[in-house]
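**Student:** Got a structure for you, written out below as structure tokens; questions coming shortly.
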Amino acid sequence: MTATNGKQRLDWILSPEPAPDLHGPGAGLVVGVLALQGDFREHRTLLERLGVSTFEVRRPEDLAGLDGLVIPGGESTTIHKLMTAYDLCEPIKAFANGGGVVYGTCAGLITVARETVEGKPRTLGLMDIVARRNAFGRQVRSFEAELTVEGAGPRPVKAVFIRAPWIESAGPRVDVLATHDGHIVAAREDGVLVTAFHPELTDDTRLHELFIHMIRRRQAAAVEAEIASADCDAGTPGRAAAAAGHR
Ligand code: GLN
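Residue numbering for the sequence shown is 15 to 261, as defined by this note's numbering.
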């Protein structure tokens, strides 16, 4: 090992946190990545390139103050077991129901589904979809495909599938964003985005940009709702004063 290599390694050990790009589209946002198992580091790296500050989530209190949460690819049975062991299932549901935006890739898609065709593992039920695990068959466990994804622009996305699920069925409120061989592989419902493939394993940031866009839209809607209710509050004394003036 050269001295320079040694220094680089030391730098890496001392400062493992990637620095977000302050001018990226995600600047100012804080997103948690569920870091129990799977490829959570790849999600962090990609999000930080977009300016998002990221945080590894392992305990319920780690969810406080987050704008969004990524549930990475990996092994959904293991993720479920660890989520249960760390008492994270209910807090993640509360986070999503309280306005937090969630993005699940591959095993993450399975984790957020209403249920799986196989009946296991237990899922969080954040999206009205039924996931079929390892759906593309044992022989074709991993492959790449060029997919047009709604919301990701006209250029196809290079989609990496690794023992991927597909969405067997989806409720009426679910927007299908992409299909492969007639099967749904990307979808969105309210504040939940899922892909059966792994954008975090490519250089293509567009799915994560879509996730950021969903967070910004939700936040803008929340601010508008707040302004609307503040108007109402402010309106009461105004009306009272007007009424008093007529007396
Ligand atoms: N087959 C895995 C599961 O069922 C998912 C694979 C992945 O996330 N790449 O959990």
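For glycine and all other residues, C-beta sits at the position ideal for the given N, C-alpha and C.
Pairs of beta-carbons, one from the segment 141-155 and one from the segment 49-56, closer than 8 Å: are there three or more?
**Tutor:** no
**Student:** Taking 8 Å as the threshold (C-beta atoms), are residue 120 and residue 225 in contact?
**Tutor:** Inclusion of residue 225 and residue 120 in the CB contact set at 8 Å is not warranted, their separation being larger than that value.
**Student:** DSSP state of residue 131, grouped into three classes?
**Tutor:** coil
**Student:** Ordered along the chain, which non-local residues of its own chain (more than five positions away) have a Cβ less than 6 Å from that of residue 149?
**Tutor:** In its chain, beyond the 5 residues on either side, 179 and 180 have a beta carbon closer than 6 Å to the beta carbon of residue 149.
**Student:** Would residue 94 and residue 125 be called neighbours here (beta carbons separated by less than 8 Å)?
**Tutor:** Their beta carbons are under 8 Å apart, which means residue 94 touches residue 125 by this criterion.
**Student:** Where residue 66 and residue 85 are concerned, what is the direct C-alpha to C-alpha distance, given to the nearest angstrom?
**Tutor:** 16 Å
**Student:** The ligand GLN and residue 200: does any heavy atom of the ligand fall closer than 7 Å to the residue's C-beta?
**Tutor:** no
**Student:** Whole angstroms are fine: how far does the CA of residue 136 sit from the CA of residue 185?
**Tutor:** Going from the Cα of residue 185 to the Cα of residue 136 covers about 19 Å.
**Student:** What number of angstroms, rounded off, separates the C-alpha of residue 219 from the C-alpha of residue 244?
**Tutor:** 37 Å
**Student:** Hey, quick one: how far does the alpha helix (DSSP H) through residue 192 stretch, first residue to last?
**Tutor:** It is not in any alpha helix (DSSP H) - residue 192 instead sits in the beta strand (DSSP E) that spans 189-194.
**Student:** With a threshold of 8 Å, are at least 3 pairs of Cβ atoms found where one atom belongs to the segment 187-200 and the other to the segment 31-50?
**Tutor:** no
**Student:** Tell me where the beta strand (DSSP E) around residue 82 begins and ends.
**Tutor:** Going by DSSP, residue 82 is part of the beta strand (DSSP E) stretching over 82-85.
**Student:** Would you list the one or two residues that DSSP bridges to residue 68?
**Tutor:** When DSSP reads this structure, residue 68 sits in a beta bridge with 45.
**Student:** Does at least one heavy atom of the ligand GLN sit under 7 Å from the Cβ of residue 151?
**Tutor:** no
**Student:** If we ignore side chains and look at the alpha-carbon of each, how far apart do residue 109 and residue 214 end up?
**Tutor:** For residue 109 and residue 214, the distance between alpha carbons rounds to 23 Å.
**Student:** Please confirm whether any heavy atom of the ligand GLN lies closer than 7 Å to the CB of residue 103.
**Tutor:** no
**Student:** Quick one: what's got a C-beta closer than 8 Å to residue 275's C-beta in the same chain, skipping five residues either side?
**Tutor:** In the structure as shown, the chain begins at 15 and stops at 261. Residue 275 is therefore absent and cannot be evaluated.
**Student:** Which of the three DSSP states is assigned to residue 210 in this structure?
**Tutor:** coil
**Student:** Out of 74, 78, 87 and 75, point me to the one whose CA is closest to residue 58's CA.
**Tutor:** Among 74, 78, 87 and 75, the Cα nearest to that of residue 58 is on 87.
**Student:** Helix, strand or coil: how does DSSP classify residue 121 here?
**Tutor:** helix
**Student:** Closer than 7 Å by C-beta to residue 172: which residues in its own chain qualify, once you throw out the five before and the five after it? Chain order, please.
**Tutor:** 158, 160, 216 and 218
**Student:** Per DSSP, what kind of secondary structure is residue 225 in: helix, strand or coil?
**Tutor:** helix
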